[in-house]
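**Q** The numbering of the sequence shown is our numbering, which starts it at 3 and goes up by one.
Even for Gly, the Cβ is constructed at its ideal location relative to N, Cα and C.
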Amino acid sequence: MNIFIKKRYIKSIGYLINISFVRLEKFNIMQLKKIEGKLKELLPDEVYEHTIKVKDYSYKLSKAYNFDSEKLALTAILHDCGKIYNEGEIISKAEDVGILITEIMFEDPIELLHAEISGYLAETMFNVKDKDIIHAIKTHSFGADEMGFLNKLLFVADKMNNDYDFEEYQIEEIEHLIFIDKNLDKAILKLFNILLKSLIKKDRFIHSQIVNSRNKILLSIKYENKI
């Protein structure tokens, strides 16, 4: 097995943090634990706790859909790694890597930019080269016009472990769709609807891609006569 050590440094909140990690041809449980431990040092407590919940939920999804559990767990562990930066740092990093920053992104930069930055860090800091993983991380906040299976699994794991003021019956309905009906698209549509209502209720900015992604899923469901 091809194993080698790399050292990276990131500037976060005014000081340098040494990040050492081992790149494997395929990530295994020990490497997932190593990355998890490093993120525990770097992420705010509430973000790290959310990350672990998403990772744990990912194992349930992997079992239900016979999907590569380590691949989905790695995607889950890294999905919010961009939140190691504060608002000023994440804007600066986005500018450095050529991400287009719109006016509303300056108003809520961490929430609106962290997914793209997380994908960038997963590739450059943690040396993840799987394009499906990178794409799923970059699009987990707002979805995408074309969502592959990994995209959908991460989107569900993330949204089911977020603070959207779920009613108990909504959780039961969505988990029935996920684990009993095995209808991810319809579950994702319901999650988009809840996400939009939550953002509106809290007077939060809404990225246009959320609406585009919801409409694409709705069209797909209608086309396949799943509604």
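Could you check how far apart the C-beta atoms of Lys57 and Ala75 are, in whole angstroms? I think they sit under 8 Å.
**A** Your numbering for residue 57 matches position 55 in the sequence shown. Your numbering for residue 75 matches position 73 in the sequence shown. About 5 Å separates the two Cβ atoms, so the contact holds.
**Q** In its own chain, which residues sit with a C-beta less than 6 Å from the C-beta of Glu177, not counting the 5 before and 5 after it?
**A** As a position in the sequence shown, residue 177 is number 175, starting the count at 1. Non-local beta-carbon contacts of Glu177 in its own chain, meaning distances under 6 Å to residues more than five positions away in sequence, are absent.
**Q** Hey, quick one: how far does the alpha helix (DSSP H) through Phe194 stretch, first residue to last?
**A** For the purposes of this step, residue 194 is identified with residue 192 of the sequence shown, where counting begins at 1. Segment Leu186 to Lys203, the alpha helix (DSSP H) holding Phe194.
**Q** Using the C-alpha atoms, what's the distance from Lys140 back to Asp147?
**A** As a first step, residue 147 must be located in the sequence shown, where it is residue number 145. As a first step, residue 140 must be located in the sequence shown, where it is residue number 138. Their Cα atoms are separated by approximately 13 Å.
**Q** Could you give the residue range of the alpha helix (DSSP H) that holds His52?
**A** Translated into the one-based positions of the sequence shown, residue 52 becomes position 50. Looking at the DSSP string, the run of the alpha helix (DSSP H) that includes His52 is Asp47 to Tyr67.
**Q** Do you know offhand how far Lys42's Cα is from Met149's?
**A** Position 40 of the sequence shown, counted from the start, is the residue given in the question as residue 42. Position 147 of the sequence shown, counted from the start, is the residue given in the question as residue 149. Straight-line Cα distance between these residues: approximately 29 Å.
**Q** Any idea if Tyr122 is buried or exposed, counting beta-carbon neighbours within 10 angstroms, 16 or more meaning buried?
**A** Counting from 1 along the sequence shown, the entry for residue 122 is found at position 120. The Cβ neighbour count for Tyr122, taken over all protein chains shown within 10 Å, is at least 16; the residue is labelled buried.
**Q** Quick one, which of Leu102, Ile212, Gln172 and His81 has its alpha-carbon nearest Leu152's?
**A** Translated into positions along the sequence shown, residue 152 becomes position 150. Measuring from the Cα of Leu152, the nearest candidate turns out to be His81.
**Q** Thinking C-alpha only, which one of Ile79, Tyr50 and Ser64 is nearest Gln33?
**A** In the sequence shown, residue 33 corresponds to position 31, counting from 1. Selected option, being the one with the closest Cα: Ile79.
**Q** Which residue comes first and which comes last in the alpha helix (DSSP H) that contains Ala146?
**A** Numbered from its first residue, the sequence shown carries residue 146 at position 144. It is not in any alpha helix (DSSP H) - Ala146 carries neither H nor E in the DSSP assignment.
**Q** Taking only three categories from DSSP, how would you classify Ile112?
**A** To locate residue 112, count along the sequence shown from 1; it is residue 110. Annotated three-state conformation of Ile112 is helix, per DSSP.
**Q** Go through its chain and collect everything with a Cβ distance to Arg103's Cβ below 6 Å, but skip five positions before and after it.
**A** As a working mapping, residue 103 is identified with position 101 in the sequence shown. Here residue 103 is Ile; the residue named in the question, Arg, does not match the sequence. Its chain contains Ala96 as the residues whose beta carbon lies nearer than 6 Å to that of Ile103, once the 5 sequence neighbours on both sides are disregarded; these appear in chain order.
**Q** Are there 16 or more other CB atoms within 10 angstroms of the CB of Asp70, so buried, or fewer, so exposed?
**A** Taking the first residue of the sequence shown as position 1, residue 70 is located at position 68. It counts as exposed.
**Q** Counting along the chain, where does the alpha helix (DSSP H) carrying Arg206 start and finish?
**A** Along the sequence shown, one-based indexing puts residue 206 at 204. Here Arg206 belongs to no alpha helix (DSSP H), and DSSP marks it neither H nor E.
**Q** With distance defined between alpha-carbon atoms, name the residue in Ala138, Asn88 and Ala124 nearest to Lys40.
**A** For the purposes of this step, residue 40 is taken as the residue at position 38 of the sequence shown. Looking at the Cα atoms, Ala124 is the closest of the given residues.
**Q** If you reduce the DSSP assignment to three classes, tell me which class Asn30 lands in.
**A** Residue mapping note: residue 30 aligns to position 28 of the sequence shown, counting from 1. Under the three-state reduction of DSSP, Asn30 is assigned to coil, being neither helix nor strand.
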